[in-house]
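**Student:** This is the structure I want to talk about, given as structure tokens.
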Amino acid sequence: MWRIGVDTGGTFTDFVISDGSKLHSRKIPSNPEDPSEAVFEGIKDYLGFFPVIIHGTTVATNAFLEGKTAKTAFIVTKGFEHILHIGRQNRLNLFSLKPEKPNPIIPLSLSFGVSERTFFDGKVEKPVKREELISIVEKLKKKNVSCVTILFLHSYANPENEIKAEKIFRENGFHVTSSHSILPEYREYERAVVTALNASLIPIMGDYIGKLSNRLTNSRIFIMQSQGGFISPEIAVKKPVFTLLSGPAGGVIASKYMGNLTGIKKFITLDMGGTSTDVSLVDGDFKITKENFLKGLPLRIPMIDIQTVGAGGGSIARVDKGGILKVGPESAGANPGPACYGYSDLPTVTDAFIVLGWMIPEHFLGGKKKIFPERSFKAVGRLAEDLGLDIYKTAEGILKVASVTMEKALRVVSVERGYDPRDFSLFAFGGAGGLCSAILAERLGIKKVIVPNFQGVFSALGMILSDSVKELSTAFMKKAKEIKEGEIERKFQELEREALELFSIEEIERERIIFSRSLDMRYKGQSYELNIPYKDGFLEDFHKAHMKLYSHSYKDREVEIVNLRVRGIGIVEKVDLPSSNPKEKSPEEAFYSERKIYYEGEFLKAKVYMREKLIPKNMIKGPAIISSFDGTTFIPPGHRCYVDRYFNILIEKENV
């Protein structure tokens, strides 16, 4: 069976194609105006093979970040019309002298209160009235609203009123998201944000998947989720909020898979692309978090814990009013792109690499895209004049500023969360990940860097290595000591039955599905929970987890179970990655040339090797450059690298 992984980035759209025996890769410049165009361009030659396509898309993310979501109304229990505008008292930038509240997704003019009420225990005290809803329908039609968000208090305990309201709005042609269907948990503000965002994205995702389906005939499409698994396009259209930040998840999935093959269980990922850099920590397994924020708004949906910073190959360098060099977060993207593309005069990180001699212009995209080095020198040269430095020191400064931004992100996922980066390896990928990886590793005390095979399309590889994943939850809100025998088990079985119905849409057999269960738990009176695996002794496990995280626990205090969670994994057959038994052989067959580079204030000679010609057990000493179709790796002086049996490049210091 042919399988194709597609990762749409801000600069390039990446493809990894498996024909069942071999892997192929492609990179196509992204088209921000119509992302489906690049997807079709990369896949059209394979449609005759009836491929399965797993696609990580930024369509939903970009629509939200750029304010291009659909016009949406907010239908809420009367008296709570301002909930999206009030938000929470706490704020992300605690020490800001000019704190700003995040912009609400829906304006107050499109918020409508409804006379209904459900109590916390699920008892319907006041049913929703059809006449009142029909009156709102007429107002929405006059305002040209296309989407509706429904949030009624305590609908997680009993969604009866929400279901009735949803039916009426659907009958009148609106796209509708009810809070019980997207996040059946308490905390009305967080539930409102996720529900409103989901509703506003439905037409955008629907149009995009419609375009894909029309163009990609003879194929079966699945959409990547931000928690590391794929879903059917039908579910993606109904719940587009789960596709936010789905692209970076592919890189973490691929890293974990490669780590399992090579015996590397503890590592930090560094995915440096054209627009941004994404980092994540894996300690045996990747971490799923629900404490996510986008544009200052809380997204309590499961996502792989990934930190994103605006430092990529296309990040623009500039001098601010104070004469300080700044890099990013603005990016030149695919159009016009870095100065070396020939369409702009914007100095970027990529242009700095070219000035330093670390990139081989004639190898860019296998020589299919012409690069103009003289444009890089001209753009960086103008910046050098503004700074009063020579061009090489300026290029090195651009790289160092970008590296500091990436280092901060690496410290956030490690040091700030109680992990010592020296205990981890660094998985570096993305088109530019191999250029900065050894330098960043040295700053953090990381001993080993892995630049994997298919480095520039590694996230797309992760798409075809991913499984189908379903995350379901339900509010429970009971004290642990008051739970009746079999009560939790029955609730979990209900969630698993719901998950099986979703898996059936994708035709995944029951024997390939694995379920894991967990509980959100807290001490009575706390406003936050810990997620604990559901098994015998879960109460004791909660006390231990609280002690490990906060250095204290209260075994004599009442414990509450807030939510029940089920994660279902539908395991799919994996492709075989290229491998070969190591052989003692010189890397000279892969030698391409020798070139002058600038490193740490001096000019050096570095050997250039073609990655495609390297074989397992080849060893190379720095300074060296390893160039390939989809990325470049820089081996600094004092470092060496060798190729393992899976054609990964492993970098370490020579004295280690």
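Okay, so the sequence shown: first residue is 1 according to our numbering, each after it adds one.
Note that the Cβ used here is the ideal one computed from N, Cα and C, for glycine as well.
(1) Measuring straight from C-alpha to C-alpha, what distance separates GLU482 and SER473?
(2) Taking only three categories from DSSP, how would you classify ILE134?
(3) For LEU245 versus SER226, is the C-beta spacing smaller than 9 Å?
(4) Nearest to ARG522 by CA position, among ASN453, LYS98, ASP541, is which residue?
(5) What residues match up with PHE591 in a beta bridge as DSSP calls it?
(6) How far does the beta strand (DSSP E) with ASN531 in it reach, from first residue to last?
(7) Going by the DSSP bridge assignment, what does GLY113 pair with across the sheet?
(8) Report the option in ALA254, ASP271, ASP285 whose CA atom is closest to the CA atom of LYS265.
(9) State the Cα-Cα distance for the pair LYS400 and ILE354, rounded to the nearest angstrom.
(10) Where does the unbroken alpha helix (DSSP H) through GLU496 begin, and where does it stop?
(11) For ASP121, which residues in the same chain have their Cβ closer than 7 Å to its Cβ, ignoring the five residues on either side in sequence?
(12) Can you have a look at MET303 and say buried or exposed, based on whether 16 or more other CB atoms are within 10 angstroms of its CB?
(13) Pull the bridge partners of PRO29 from the DSSP assignment, please.
(14) For the alpha helix (DSSP H) that GLU37 lies in, which residues bound it at each end?
(15) Using only CA atoms, which one of HIS154, ALA165, LEU153 lies nearest to VAL137?
(16) Cβ of GLY251 within 9 Å of Cβ of THR269?
(17) Would you mind reading off the limits of the beta strand (DSSP E) that contains SER344?
(18) For ARG557, count neighbouring Cβ atoms within 10 angstroms of its own Cβ and tell me buried if that reaches 16, exposed if not.
(19) So, GLY456 versus GLY631, is the Cβ gap smaller than 9 Å?
(20) If distances are taken between C-alpha atoms only, which option among LYS123, ILE150, SER36 comes closest to ILE209?
(21) Comparing alpha-carbon positions, which option in PHE152, TYR528, LEU435 lies nearest GLY113?
(22) In its own chain, which residues sit with a C-beta less than 7 Å from the C-beta of ALA379, not counting the 5 before and 5 after it?
(23) Here's a check: name, in chain order, each residue in its chain whose Cβ is nearer than 8 Å to the Cβ of ASN648, leaving out the five neighbours to either side.
(24) Compute the beta-carbon to beta-carbon distance between GLY229 and VAL469, rounded to the nearest angstrom, for a pair I have assumed lies under 8 Å.
(25) Pop quiz: VAL575 and LYS617 are said to be a contact at Cβ under 8 Å. What is the actual Cβ separation, rounded to whole angstroms?
(26) At the level of alpha carbons, what is the spacing between HIS543 and LYS555?
(27) Just the Cα atoms here: how many angstroms apart are ASN581 and VAL572?
(28) Along the chain, which unbroken stretches of the beta strand (DSSP E) at least 3 residues long are found entirely within the segment 276 to 302?
(29) Sort SER551, LEU110, HIS85 by Cα distance to LYS101 and report the nearest one.
(30) Is PRO336 closer than 9 Å to ALA311 when the C-beta atoms are compared?
(31) Return the Cβ separation of SER459 and ILE446 in integer angstroms, given the expectation that the two are a contact with Cβ distance under 8 Å.
(32) Does any C-beta atom of chain D lie closer than 9 Å to the C-beta of GLY122?
(33) For LEU502, collect the residues of the same chain with a Cβ closer than 6 Å to its Cβ; drop the 5 residues on either side in sequence, then sort them by chain order.
(34) Alpha carbon to alpha carbon, what distance is there between ILE635 and SER403?
(35) Output the boundary residues of the alpha helix (DSSP H) element that contains THR350.
(36) On a Cα-Cα basis, can you pick out the residue from THR243, ARG375, ALA38, ARG595 that is closest to VAL194?
**Tutor:** According to the structure shown:
(1) 20 Å
(2) helix
(3) yes
(4) ASP541
(5) TYR609
(6) 530 to 533
(7) VAL76
(8) ASP285
(9) 15 Å
(10) 487 to 505
(11) ALA157
(12) buried
(13) PHE12
(14) 35 to 43
(15) ALA165
(16) yes
(17) Taken as a continuous stretch (DSSP letters only), SER344 belongs to no beta strand (DSSP E), as it is neither H nor E.
(18) exposed
(19) yes
(20) SER36
(21) PHE152
(22) ALA339, ASP345, LEU346, PRO347, ASP351
(23) MET258, THR262, ILE450, VAL451, PRO452, ASN453
(24) 2 Å
(25) In fact, because the Cβ distance is near 24 Å, the residues do not count as touching under 8 Å.
(26) 7 Å
(27) 27 Å
(28) 277 to 283, 292 to 294, 297 to 299
(29) HIS85
(30) no
(31) Between ILE446 and SER459 the Cβ distance is about 21 Å, and since that is not below 8 Å, they are no contact.
(32) Of the protein chains in the structure, only one exists, and it is not chain D.
(33) LYS470
(34) 16 Å
(35) 349 to 356
(36) THR243
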